[in-house]
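Colleague:
Residue numbers (this note's numbering), protein chains in the order written: chain A, -14 to 360; chain B, 54 to 414; chain C, 23 to 190; chain D, 15 to 175.
1) Between residue 18 of chain D and chain B, is the shortest Cβ-Cβ distance under 7 Å, so that the two count as touching?
2) Residues of chain B with CB under 7 Å from residue 56 of chain C, in chain order?
3) Which residue wins for smallest C-alpha separation from residue 329 of chain B, given the options B:174, B:120, B:93, B:283?
4) Going by alpha carbons, who is nearest to residue 248 of chain A out of A:290, A:327, A:194, A:270?
5) Determine which residues of the region 143 to 168 of chain A have a Cβ less than 8 Å from any Cβ of chain D, and write them out in chain order.
6) Specify the secondary structure class of residue 65 of chain A as computed by DSSP and reduced to three states.
7) Residues of chain B with CB closer than 8 Å to the CB of residue 52 of chain D, please, in chain order.
8) Would you report the Cα separation of residue 189 of chain C and residue 157 of chain C, rounded to the nearest angstrom?
9) Which residues share a DSSP beta bridge with residue 89 of chain B?
10) Please report the distance separating the alpha-carbon of residue 98 of chain A from that of residue 70 of chain A.
11) Where do the N-terminal and C-terminal ends of the beta strand (DSSP E) with residue 191 of chain A fall, by residue?
12) Alpha carbon to alpha carbon, how far is residue 243 of chain A from residue 395 of chain B? Give it in angstroms, no decimals.
13) At 4 residues or longer, what runs of the alpha helix (DSSP H) sit wholly inside the region 44 to 120 of chain D?
14) For residue 231 of chain A, collect the residues of the same chain with a Cβ closer than 8 Å to its Cβ; drop the 5 residues on either side in sequence, then sort them by chain order.
15) In angstroms, rounded to a whole number, what distance separates the CA positions of residue 251 of chain A and residue 350 of chain A?
16) Taking DSSP's pairing of strands, which residues face residue 160 of chain D in a bridge?
17) Would a check of beta-carbon distances place residue 127 of chain A closer than 7 Å to chain B?
18) Do residue 49 of chain A and residue 103 of chain A have their C-beta atoms within less than 7 Å of each other?
19) Put residue 310 of chain A into one of helix, strand or coil per three-state DSSP.
20) Between which two residues does the alpha helix (DSSP H) carrying residue 295 of chain B extend?
21) Mind reading off the beta-carbon distance from residue 203 of chain B to residue 164 of chain B? Whole number of angstroms is fine, and I expect it under 8 Å.
22) Given residue 189 of chain B, which residues of its chain have a CB within under 7 Å of its CB, disregarding the five upstream and five downstream residues?
23) Going by CA-CA distance only, name the one from A:217, A:4, A:13 that's closest to residue 335 of chain A.
24) Would residue 76 of chain C count as contacting chain B if we go by Cβ distances under 7 Å?
25) I'd like to know if the region 107 to 124 of chain A and the region 363 to 382 of chain B are in contact, where contact means that at least 3 CB-CB pairs between them fall below 8 Å.
26) If you compare alpha carbons, which of A:291, A:213, A:347 is closest to residue 254 of chain A?
27) In chain D, which residues lie less than 9 Å from residue 377 of chain B when you measure between Cβ atoms?
28) Give, in chain order, every residue of the region 363 to 395 of chain B whose Cβ lies closer than 8 Å to some Cβ of chain D.
29) Would residue 211 of chain B pass as an interface residue toward chain A - the criterion being a Cβ-Cβ separation below 7 Å?
30) Give every residue of the same chain whose Cβ lies closer than 7 Å to the Cβ of residue 408 of chain B, excluding the five residues on either side of it in the sequence, and list them in chain order.
31) List the residues of chain B whose Cβ lies closer than 8 Å to the Cβ of residue 80 of chain C, in chain order.
32) As a quick exercise: from D:151, D:103, D:122, pick the residue whose alpha carbon is nearest that of residue 116 of chain D.
33) Per DSSP, residue 152 of chain A forms a beta bridge with which residues?
34) Whose CA, out of D:150, D:140, D:132, D:28, lies closest to the CA of residue 141 of chain A?
35) Closer than 6 Å to a non-hydrogen atom of the ligand COA - does that hold for the CB of residue 161 of chain B?
36) Helix, strand or coil for residue 210 of chain A per DSSP?
Written out as structure tokens, the structure reads:
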């Protein structure tokens, strides 16, 4: 398929293909990108997915609703709480059950902690993709504190499975509030370091500013959500537009940028971390009393017949869960609208005409988690 | 007055001793063999040390402990890694140009060995002190890029070809800046011979004597030298996150180890040249004609001074590498041709003016 | 000792020169050329012309060969081989080469070489520099300036060619 | 003129930002002794304490009389998403009442399939099983990961209904 193309100066150059992945340091998993290159300039990118497909949607069709929740941990493993929450909220809405305020607030704090830990990991990996290897370890240092909080309260660090339909699995640990406050205090001093190390660094700015511009119209038409879409000015924050849990009672800004380049996407996430910190600060001191488990949700859950949809804002964008129920213990059909999937396929549109090094930077700012795309 | 420890009598006595038993022909041959063995042993040891130091330094920058399992404080880790690399399989990719593929590591190693011969380790401890020493080192190390180019091409891998092309463009252009920044000291000291350059710093190192322009030249040399050795933030030829391993993607086992070795030898050479030219090499820290102070400083042997300064420069280069993100290829060339080169040229003219007017200490 | 080294270097030069012209693979030819140039630099070192040797290393080995290799990398494929030349052509070339060699040998042996009275030994850079820029006897300021203008012209030309891309 | 000033401004700005970054890494380098965060795992086994809720492995708790609380109701078997738990039960005549009663013969636990989701624990009506925070279960043989949780000779506790 290699063809000779004539450039404007009539020098014959040859385009060539490079397979980036499935095993490649910067594809963040087993993603395969087929690059069509002219020198170092990228002509076309074709993402090939399916290397870690585990058929979570099909498995859900035989699992009970409680079991589905634990599968969602393994989709976007960096937004584990939000994924759990999405399914739990869907079940609660379908059963028309209202969980207690305590559960709502705990869920919100946990979600924001998850968002912070996801963005921290993204920041470290972004630095590493651009060659600043030290950022990775600094990000993990801060992430460690959040993981400890999860481990103490939920019993696991990554696949927490803390939310259950009708509440949360355990009450929060007695140390929880103190630990979160300690974390917030230390993280507020560490976040400016992130700026010193990367955001203000001249090399980093040169690498990211004005690179990989995604216009607002394109973001909307490709369905790019999350910080990636908001950096292009596309207001899509589910927490604002369709508030769930305790998001309607906290003050926070939806981060909107207008440039849509790689640096805006980077900056949007950094600012989002500040917002998450502020949300946690507002909630952590006044967690209301109440049941952690709604008693009306039975052990065996049967959803009424019909179609249900619930969306939450994960660290990557809008995660939608769509369930068709035929009244049985497990759904007739379940479909996840995962943010990573939509965000990945805008890559080809963004990257044409840029260099390989820019592709890596752009891929970083889209913040791909491959299990989220493949499911 | 205590003079710096001179090793010339030692080498001279070895020479005389050999000459008393052997013919001049065999004396020279035996001396060459001794020097060769010493250099190889030094390179092997220093590279192992450097790799260990690099890993430890990186670990401390990154809040880790670094190697700590093999031997005390992990001191034998690099030896273990080297043995592992020795025993690994040699894999040559299909359709590779086998001759060039096997040749490339040797070219790059030989180039660095050629250069290291002219470096003065201490007073009287220099394999060859030719009258154009500085020029010779830059000339010899300029061959090394051929190893990268050939190695990247012969592996028959697109990643390594891209890496090789990047590296070619990078090294060829940054060589200009490195040489121009070294020329400032050549202008000031009036010689290309390394021993003369060091001798001219007996009343203070050039970086202190030469005011701001020499300091600028030192910074320029550090940048250009880092780029020439393909180290971060200029490691585009390897660019782990873009090209997996760049020009040595297809290499395995001991051939990969040779690229690794050459990278660290080059780092040592760059640091040694920088230390010799700007920081006085083995010359102890002297202040003008303050005899008492200079005498105290002379009690520290020159070898220690030399390695202390080289260590300082290497530390700076490592600090860059573990802090900064990598540049893109076009930005790399912009940096060279739009910033380093003009500044270097202007700087050279300023230094020439200073030298002409005698405005240095 | 020096004689031994000279023979080794001379042999290297002859061997790799032949390999350079006979190699079918253009990149290998370039590498053989590198060895020829390195050995030539070695001969300069042997003669104590250190400056010239270093120039040889920088300009030819580090510059010209790198450029050739660079150009080959950009154009050739890895299995790209030069076509063998037909017999008539190679015979003709061999004949021409032998005639050329004869002419050179005749000239070399026919000329009566005399010493120019300069001291044998290392020429330092200072002497080379001042003779490059002197306009007296054995001064090279005119060729120096002419070459400078040539290089300037080449540089201006390169900038003009590079600039044309921007206007499009 | 403007271009020249901006040229130098760029250079100084660049140097400033680079030095800021180097200050951060330099700080951590010079304070490495205090700031190092990695732990040396096998050496710190004695001091390493996992959190109480940490989910390491499912255990069936036995008291000092070698009695457990599992009635063999297999609620955990149903709750498990991966088929990790297999309960082989038997019927035994109760010597007091004379009724047939379900008792467990083998409580088989396939650790290699367990995702440690905790669903079995919360579904257990008698709190017979719980999560243990121990975690060093790597083996060379996959067979070792299939465990029988009820100890040999163990009985169900009297008060468990």
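Beta carbons: idealized from backbone N, C-alpha and C, even for Gly.
Modeller: So, from the listed chains and residues:
1) Counting from one through the fourth chain, the residue named residue 18 of chain D turns up at place 4. Answer no: the Cβ-Cβ gap between residue 18 of chain D and chain B never drops below 7 Å.
2) As a position in the third chain, residue 56 of chain C is number 34, starting the count at 1. Residues of chain B passing the Cβ test: 199.
3) One-based indexing of the second chain puts residue 329 of chain B at position 276. With distances taken between Cα atoms, residue 329 of chain B lies closest to B:174.
4) Sequence index remark: in the first chain, residue 248 of chain A carries index 263 (1-based). Answer by Cα proximity: A:194.
5) 144, 146, 149, 154, 155, 158
6) Your numbering for residue 65 of chain A matches position 80 in the first chain. Note: residue 65 of chain A maps to helix in three-state DSSP.
7) Reading the fourth chain from its first residue, position 38 is the one you call residue 52 of chain D. In chain order: 116, 117, 118.
8) To locate residue 189 of chain C, count along the third chain from 1; it is residue 167. To locate residue 157 of chain C, count along the third chain from 1; it is residue 135. Low per-residue confidence applies at residue 189 of chain C: pLDDT is 48, beneath 50, and the placement is therefore not dependable, though the value from the model is reported in the following sentence. Cα-Cα distance, rounded: 44 Å.
9) Within the second chain, the letter at position 36 stands for residue 89 of chain B. Among the bridge pairs identified by DSSP, residue 89 of chain B is matched with none.
10) Here residue 98 of chain A refers to the residue found at position 113 when the first chain is read from its first residue. Here residue 70 of chain A refers to the residue found at position 85 when the first chain is read from its first residue. Spanning the two alpha carbons is a distance of roughly 13 Å.
11) Position 206 of the first chain holds residue 191 of chain A. No beta strand (DSSP E) contains residue 191 of chain A, which is instead part of the alpha helix (DSSP H) from 187 to 193.
12) In the second chain, residue 395 of chain B corresponds to position 342, counting from 1. In the first chain, residue 243 of chain A corresponds to position 258, counting from 1. Roughly 37 Å between the two C-alpha positions.
13) 46 to 49, 89 to 93
14) As a first step, residue 231 of chain A must be located in the first chain, where it is residue number 246. The residues are 86, 89, 90, 92, 93, 268.
15) Taking the first chain and counting its residues from 1, the one referred to as residue 251 of chain A is at position 266. Taking the first chain and counting its residues from 1, the one referred to as residue 350 of chain A is at position 365. Rounded to the nearest angstrom, the two C-alpha atoms are 6 Å apart.
16) Locating residue 160 of chain D in the fourth chain gives position 146, counting from the first residue. Answer by DSSP bridge pairing, in chain order: D:124.
17) Indexing the first chain from 1 puts residue 127 of chain A at position 142. Residue 127 of chain A is outside the set of residues whose beta carbon lies under 7 Å from a beta carbon in chain B.
18) Position 64 of the first chain holds residue 49 of chain A. Position 118 of the first chain holds residue 103 of chain A. Contact: no.
19) For this step, residue 310 of chain A is matched to residue 325 along the first chain. Residue 310 of chain A: strand per DSSP, three-state reduction.
20) As a working mapping, residue 295 of chain B is identified with position 242 in the second chain. Here the alpha helix (DSSP H) through residue 295 of chain B covers 293 to 296.
21) Here residue 203 of chain B is taken as the residue at index 150 of the second chain, counted from 1. Here residue 164 of chain B is taken as the residue at index 111 of the second chain, counted from 1. So it is not a contact: roughly 12 Å between Cβ atoms.
22) As a first step, residue 189 of chain B is located in the second chain; it is residue number 136 there, counting from the start. 171, 183.
23) Taking the first chain and counting its residues from 1, one reaches residue 335 of chain A at position 350. Of A:217, A:4, A:13, the residue nearest in Cα terms is A:217.
24) Position 54 of the third chain, counted from the start, is the residue given in the question as residue 76 of chain C. With 7 Å as the cut-off, residue 76 of chain C counts as an interface residue toward chain B.
25) Judged by Cβ distances under 8 Å, the region 107 to 124 of chain A makes contact with the region 363 to 382 of chain B, as three or more pairs qualify.
26) Looking up residue 254 of chain A in the first chain gives position 269. Answer by Cα proximity: A:213.
27) Reading the second chain from its first residue, position 324 is the one you call residue 377 of chain B. Going along chain D in sequence order, the residues near residue 377 of chain B (Cβ under 9 Å) are 32, 35, 36.
28) Shown in chain order are the members of the region 363 to 395 of chain B whose Cβ falls below 8 Å from a Cβ of chain D: 372, 373, 375, 376, 377, 392.
29) In the second chain, counting from the first residue as 1, residue 211 of chain B sits at position 158. Closer than 7 Å: yes.
30) The sequence position of residue 408 of chain B within the second chain is 355, counting from 1. Excluding residues within five positions, the ones whose Cβ falls inside 7 Å are 240, 241.
31) Here residue 80 of chain C refers to the residue found at position 58 of the third chain. The answer, in chain order, is 188, 191, 192, 195.
32) As a working note, residue 116 of chain D is residue 102 in the fourth chain. Minimum Cα distance to residue 116 of chain D is reached at D:103.
33) Residue 152 of chain A sits at position 167 when you count from the first residue of the first chain. A:149, A:278.
34) Mapped onto the first chain, residue 141 of chain A falls at position 156. Taking only the C-alpha atoms, the option nearest residue 141 of chain A is D:132.
35) For the structure depicted, the ligand COA is absent and the ligand set is empty, with no information on it obtainable.
36) Within the first chain, numbered from 1, the residue matching residue 210 of chain A stands at position 225. Residue 210 of chain A falls in the coil class under three-state DSSP.
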